[in-house]
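S.K.: This structure is in structure tokens; I'll ask about it shortly.
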Amino acid sequence: MNVGIVGLGLIGGSMAKAYRAYSNEHGLDFKIYGSNRSRSIVDFAMLDGTLDGVLDEITIPMCDVIFVSLYPVASIEYLKKNSYLIAKHTTVIDLCGTKRDICNVGFELAEQYGYTFVGGHPMAGTHHSGYKYSKATMFRGAPMVIVPKSFDDIAPLEHIKQLLSPAGFGKYSYTTAEQHDKMIAFTSQLAHVVSNAYVKSPTAKNHKGFSAGSYKDMTRVAWLNEVMWAELFLENREPLLFEIDNIIASLSEYRDALRSEDKQRLTELLRDGRIAKEEIDG
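Right under this line is the structure:
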């Protein structure tokens with residue numbers, strides 16, 4: 451298998467390392483090519499044995515699968531610039547955190563140039579960014595969300611799973627770009643917004659000695675890459691606004707019950723939240 455990786459940050463770097471580790475472990479002849487905004491990262495990845503060479507106009511047509519691991523706007527620009535180089539047998543899988551814009555462009559370009567495009571979102575990562583924090587085991591056992599152009603034929607979906615198998619994902623989900631972005635606004639983006647806002651309390655500076663698991667759980671994703679997340683939030687603006695408006699309305703109910711010293715209402719709100727958690731998670 452010839453593998454191309456566009457963008458060697460945390461996710462792209464981990465994907466490259468995962469395929470290299472799988473190739474070495476099973477005695478396979480994988481060729482892995484990469485490109486990155488900073489050429490020094492590509493050179494380092496070649497020195498540490500992860501990459502076999504540079505992903506460029508010569509190696510792009512050789513690839514069986516190409517992972518595009520850039521910010522959404524940069525991913526779209528890359529496909530527009532390089533689609534003419536991609537061979538018809540190649541499957542291109544983007545790894546962006548939002549799907550609608552990149553999938554709209556990717557599906558259109560794939561049809562125009564004859565290759566296969568699939569939206570992808572590995573549900574794994576850390577609050578760190580960059581190649582130095584990437585690791586071969588990043589995706590082991592993690593869920594992978596797939597956004598195909600069509601759900602009518604099982605064979606292409608099985609082929610995608612086979613292409614992704616070296617990464618070690620534990621579960622695959624298939625959905626539309628619209629449904630993906632709606633769910634991600636709730637499960638990921640809202641959590642980052644709330645966590646980031648939570649630590650801005652003036653009380654936070656004096657938390658040491660008074661905080662334990664709850665504080666750690668609430669603040670883990672406050673440490674983020676603000677440039678990347680701002681782009682993701684704006685691209686998914688409407689679903690995220692819906693979730694923010696919803697949680698503001700809920701918090702207002704708790705605030706009003708406290709202000710009016712309404713113990714019965716506060717108890718009801720807390721009970722409703724507990725029951726909702728039980729019903730959602732079992």
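Taking this note's numbering, I'd label the letters of the sequence shown as residues 451 to 732. Every residue, glycine too, gets a C-beta built ideally from N, C-alpha and C.
Would M451 and S519 qualify as a contact pair, given that the criterion is a beta-carbon distance under 8 angstroms?
M.R.: Going by C-beta atoms, M451 is not nearer than 8 angstroms to S519.
S.K.: Does the contact criterion of 3 or more C-beta pairs under 8 angstroms hold for the stretch 555-570 versus the stretch 469-476?
M.R.: As far as the Cβ criterion goes, the stretch 555-570 does not touch the stretch 469-476, which means the pair count is below three.
S.K.: Alpha carbons only, please: which of E693, F660, K632, Q612 is nearest the one belonging to V643?
M.R.: Nearest of E693, F660, K632, Q612 to V643, Cα basis: E693.
S.K.: Could I get the ranges of all uninterrupted alpha helix (DSSP H) runs contained in the stretch 633-719, with 4 residues as the minimum, in chain order?
M.R.: Correct list: 640-648, 663-669, 676-685, 687-709.
S.K.: Can you tell me whether DSSP reads G570 as helix, strand or coil?
M.R.: Note: G570 maps to strand in three-state DSSP.
S.K.: Buried or exposed for N532, going by 16 or more other Cβ atoms inside 10 Å?
M.R.: So N532 ends up on the buried side.
S.K.: Select from S702, I610, Y665, L691 the residue whose C-alpha is nearest the C-alpha of M594.
M.R.: It is I610.
S.K.: Helix, strand or coil for K727? Go by DSSP, reduced to three states.
M.R.: DSSP places K727 in helix when its eight states are reduced to three.
S.K.: To the nearest angstrom, report how far apart A408 and G457 are at their CA atoms.
M.R.: Because the chain here runs from 451 to 732, residue 408 falls outside it and cannot be looked at.
S.K.: Extract the residue ranges of the beta strand (DSSP E) inside the stretch 502-553, only unbroken runs of 3 or more that lie entirely within it.
M.R.: Listed in chain order, the complete beta strand (DSSP E) runs (minimum 3 residues) inside the stretch 502-553 are 515-518, 541-544.
S.K.: I'd like to check one pair, S584 with K481: are the Cβ atoms closer than 8 angstroms?
M.R.: No.
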